[in-house]
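Engineer: Residue numbers (the working numbering): 81 to 737.
Every residue, glycine too, gets a C-beta built ideally from N, C-alpha and C.
I have a structure here, written as structure tokens, and I will follow up with some questions on it.
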């Protein structure tokens with residue numbers, strides 16, 4: 081063991097290292113661990129109300145609806161064909177879901193499938209339980225990983241407590257799991273387990289450690305593929321650092337760890353590569369530069385599409401990173417072998433977060449996200465510094481000036497952290513009194529004019545829109561939806577065919593969405609708008625933003641329903657020919673992986689307003705060709721050349737040419 085490598089056990093903070101903790105020290109630690117667990121559980125149930133968790137209805141608003149819509153189609157593909165992707169007719173005029181865009185949803189989709197099909201749970205119970213696990217395991221995983229990384233139990237426990245606070249009270253972390261990027265937040269701390277196991281393997285070189293590293297790495301990649309970027313820098317560093325000391329069999333085990341992790345994920349990687357030719361630019365969100373470093377320090381919001389539509393609260397993040405920097409300096413002086421590991425990991429995450437957008441390649445992975453892994457990893461050396469500082473204080477090693485200085489600095493630190501905590505609990509803040517003139521103040525207790533709840537809940541207005549569409553849609557036209565989360569909710573909650581959902585979906589099929597073509601939601605050219613409506617068989621239009629009403633009042637649209645912010649318009653009879661069959665007559669019935677055509681003209685080509693796909697086949701005795709749409713949507717529709725039966729079916733064969 082190198083000098084300064086504090087691996088011995090100790091009792092409560094401030095006690096001298098002894099051969100083993102005393103019984104009283106065990107009790108003290110157990111009570112402290114219980115307190116951390118109870119506080120974490122209390123916070124978890126505050127933000128995920130039990131009535132929602134236990135409901136038969138999935139928790140799915142915001143980006144959660146994106147992932148649930150994906151999981152539902154993957155579920156259907158697995159039930160029908162044992163495949164983890166499907167031709168999804170419910171979105172974007174037909175597109176291959178479960179291929180590329182949902183690479184960050186593999187574990188959740190499989191979890192939901194197992195819960196429903198194998199355990200007999202309801203969809204809501206299976207879906208919600210993954211959400212609960214992601215919240216529940218934060219302190220458990222961080223404590224276990226800290227122990228693997230040779231932190232003694234008190235620093236490990238303090239790190240777990242800090243990670244819990246970081247999960248709930250850092251604005252970007254909170255925004256991610258609240259808006260729906262749960263898998264990334266989950267991976268943002270889960271990666272610490274394979275990192276700790278690999279560190280132990282390099283240090284101790286035991287076979288079980290290599291096996292556990294490969295298995296945990298493979299599972300982390302299932303939760304989110306960007307785990308690769310979290311783990312590659314520190315794991316490669318550890319391998320190279322000890323390369324000369326490792327024997328040939330150990331190098332083989334390191335390679336085996338990587339190959340095993342790839343093998344665990346090969347089933348979805350193979351599918352992704354099959355459809356890679358459809359991929360589009362993904363550098364839309366999470367693009368931060370050095371100006372965000374300054375903004376995060378001062379709590380300034382520069383771009384909601386990077387930091388989230390939320391007040392910037394980074395107190396815990398800055399505290400952990402600053403304290404980690406001090407502890408790294410101490411480790412370097414002590415020649416602690418963990419110095420290099422943490423320096424490389426923390427440095428790479430900081431560099432990715434604030435400089436990654438400057439390179440087109442790293443911009444594709446939305447690099448600002450890596451502040452999540454930065455904060456969780458920094459919590460460990462920060463906890464080490466805090467515990468060792470407390471021990472030296474208890475031992476009487478602090479001078480009077482040092483105590484006074486620490487006390488003075490603690491006041492603004494606690495005030496800043498406390499303000500962060502208060503911000504995330506608007507429900508618990510007192511309501512402002514009525515003004516002397518009888519008016520109600522136009523601000524909240526935190527000084528914001530509008531302070532949305534940051535707990536999970538149900539958007540009642542969204543549900544009403546879904547119910548209305550479900551009651552009025554006949555399956556022979558599509559619903560154009562401006563609000564992206566609402567579009568995805570309609571896709572999983574109803575049988576409607578939706579043009580909408582996540583707007584910048586990184587597949588070419590997304591250009592069937594009017595709001596991807598025209599982000600401001602306005603097209604003044606009425607002929608072009610009518611052509612779009614006819615091309616994609618738009619029957620209803622659901623708009624939310626006042627400036628996205630397609631140039632309202634629009635002569636082609638009539639208002640048929642209004643639910644809060646949402647307004648539902650219907651394309652007027654005679655204004656546009658709304659028909660999913662563009663040529664050849666007949667009627668089409670669409671469901672996942674299948675298009676059934678009835679009553680077509682056998683002597684005329686049939687053109688369906690559904691996207692062409694390589695794996696689609698036509699039966700009986702018919703074939704399909706690619707029908708061009710326009711220069712924007714280059715995927716094309718489906719043409720069935722004559723002659724063909726009057727009744728035929730196009731289905732997903734799952735065979736790629």
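Unbroken beta strand (DSSP E) runs of length 3 or more, entirely within the region 545-602: which are they?
Structural biologist: Listed in chain order, they are 558-561 and 577-579.
Engineer: Which same chain residues, not among the five before or five after residue 361, have their C-beta less than 8 Å away from its C-beta?
Structural biologist: Result list for residue 361: 444 and 586, in chain order.
Engineer: State whether the region 632-646 contacts the region 533-546, with contact taken as three or more CB pairs (one from each stretch) at a distance under 8 Å.
Structural biologist: Yes, since at least three Cβ pairs between the region 632-646 and the region 533-546 fall closer than 8 Å, the two stretches touch.
Engineer: Do residue 826 and residue 549 have their C-beta atoms within less than 8 Å of each other?
Structural biologist: Residue 826 cannot be examined here, being either before or after the span of the chain that is shown, 81 to 737.
Engineer: If you drop the 5 nearest sequence neighbours on each side, which residues of the same chain put their C-beta closer than 7 Å to that of residue 355?
Structural biologist: Counting only Cβ-Cβ distances below 7 Å, and skipping sequence neighbours, we find 176, 179 and 180.
Engineer: Nearest to residue 274 by CA position, among 290, 199 and 151, is which residue?
Structural biologist: Answer by Cα proximity: 290.
Engineer: When DSSP labels each residue in this structure, what does residue 720 get in the three-state scheme?
Structural biologist: It is a strand residue.
Engineer: What's the call for residue 407, buried or exposed, on a 16-neighbour Cβ count within 10 Å?
Structural biologist: By the 10 Å Cβ count, residue 407 comes out buried.
Engineer: Leaving aside the five residues before and after residue 694 along the sequence, list all residues of the same chain whose C-beta is less than 6 Å from its C-beta, in chain order.
Structural biologist: Correct list, in chain order: 736 and 737.
Engineer: Measuring straight from C-alpha to C-alpha, what distance separates residue 83 and residue 414?
Structural biologist: Summary for residue 83: the model assigns pLDDT 38, below 50, so the residue's position carries little reliability, and this model does not support an answer.
Engineer: Would DSSP call residue 442 helix, strand or coil?
Structural biologist: DSSP places residue 442 in helix when its eight states are reduced to three.
Engineer: Using the Cα positions of residue 26 and residue 212, report the straight-line distance between them to the nearest angstrom.
Structural biologist: Because the chain in this structure spans residues 81 to 737, residue 26 falls outside the shown range and cannot be described.
Engineer: Using DSSP bridges, identify the partner residues of residue 674.
Structural biologist: Answer is 671 and 731.
Engineer: What's the call for residue 574, buried or exposed, on a 16-neighbour Cβ count within 10 Å?
Structural biologist: Buried is the call here.
Engineer: Would the region 661-677 and the region 153-164 be scored as touching if the rule is three or more Cβ pairs under 8 Å?
Structural biologist: Flag = yes, the region 661-677 and the region 153-164 touch.
Engineer: Where does residue 381 sit, in a helix, a strand or coil, going by DSSP?
Structural biologist: In the structure shown, residue 381 sits in coil (DSSP, three-state: anything other than H, G, I, E or B).
Engineer: Measure how close the beta-carbons of residue 148 and residue 140 come, nearest whole angstrom, since I'm counting them as under 8 Å.
Structural biologist: With a Cβ gap of about 4 Å, residue 148 and residue 140 count as contacting.
Engineer: Within this structure, are the beta carbons of residue 244 and residue 388 separated by less than 8 Å?
Structural biologist: Cβ atoms of residue 244 and residue 388: not closer than 8 Å.
Engineer: Of all the options 500, 691, 714 and 218, which has the alpha carbon lying nearest to the alpha carbon of residue 262?
Structural biologist: Of the listed residues, the one whose Cα sits closest to residue 262 is 218.
Engineer: Residue 707 bridges to which residues according to DSSP?
Structural biologist: Paired residue(s): 717.
Engineer: According to the neighbour-count rule (16 or more other Cβ atoms, all chains shown, within 10 Å of its Cβ), is residue 438 buried or exposed?
Structural biologist: When all chains shown are included, residue 438 counts as exposed.
Engineer: Are the beta-carbon atoms of residue 207 and residue 130 separated by less than 8 Å?
Structural biologist: The answer is no: Cβ separation not under 8 Å.
Engineer: Quick one: residues in its chain with C-beta nearer than 7 Å to the C-beta of residue 202, no 5 flanking neighbours on either side, listed in chain order?
Structural biologist: Within the same chain, residue 202 has close Cβ partners 136.
Engineer: Starting from residue 176 and walking both ways along the alpha helix (DSSP H), at which residues does that stretch end?
Structural biologist: From DSSP, residue 176 is part of no alpha helix (DSSP H) but of the beta strand (DSSP E) over 175-177.
Engineer: Return the chain-ordered list of same chain residues with a C-beta closer than 7 Å to the C-beta of residue 486, the five sequence neighbours on each side being excluded.
Structural biologist: So the list is empty, once near-sequence residues are dropped.
Engineer: Across which residues does DSSP place residue 265 in a beta bridge pair?
Structural biologist: Answer is none; residue 265 lacks a bridge partner.
Engineer: At the level of alpha carbons, what is the spacing between residue 341 and residue 417?
Structural biologist: So the alpha carbons of these two residues sit roughly 26 Å apart.
Engineer: Which whole-angstrom value describes the C-beta separation of residue 146 and residue 582, a residue pair presumed to lie in contact below a C-beta threshold of 8 Å?
Structural biologist: Confirmed, Cβ separation roughly 5 Å.
Engineer: When the Cβ atoms of the region 312-328 are set against those of the region 265-283, are three or more pairs found closer than 8 Å?
Structural biologist: Taking 8 Å as the limit for Cβ pairs, the verdict is that the region 265-283 does touch the region 312-328.
Engineer: Rounded to whole angstroms, what's the CA-CA distance from residue 409 to residue 421? Just pull it up for me.
Structural biologist: Cα to Cα, the separation comes out at about 13 Å.
Engineer: How would you write the range of the alpha helix (DSSP H) that residue 459 sits in, first residue to last?
Structural biologist: Taken as a continuous stretch (DSSP letters only), the alpha helix (DSSP H) holding residue 459 covers 451-474.
Engineer: Of all the options 350, 430, 514 and 397, which has the alpha carbon lying nearest to the alpha carbon of residue 164?
Structural biologist: That would be 350, whose Cα lies nearest to the Cα of residue 164.
Engineer: Assign residue 110 to buried or exposed, taking buried as 16 or more other Cβ atoms, counted over all protein chains shown, within 10 Å of its Cβ.
Structural biologist: Its Cβ having fewer than 16 others within 10 Å, residue 110 is exposed.
Engineer: Do residue 226 and residue 214 have their CB atoms nearer than 8 Å?
Structural biologist: Not closer than 8 Å, so no.
Engineer: Confirm, please, whether the CB-CB distance from residue 664 to residue 686 is below 8 Å.
Structural biologist: Yes.
Engineer: For residue 517 and residue 501, what's the separation of their Cα atoms in angstroms?
Structural biologist: If I take the Cα positions, the gap works out to 32 Å.
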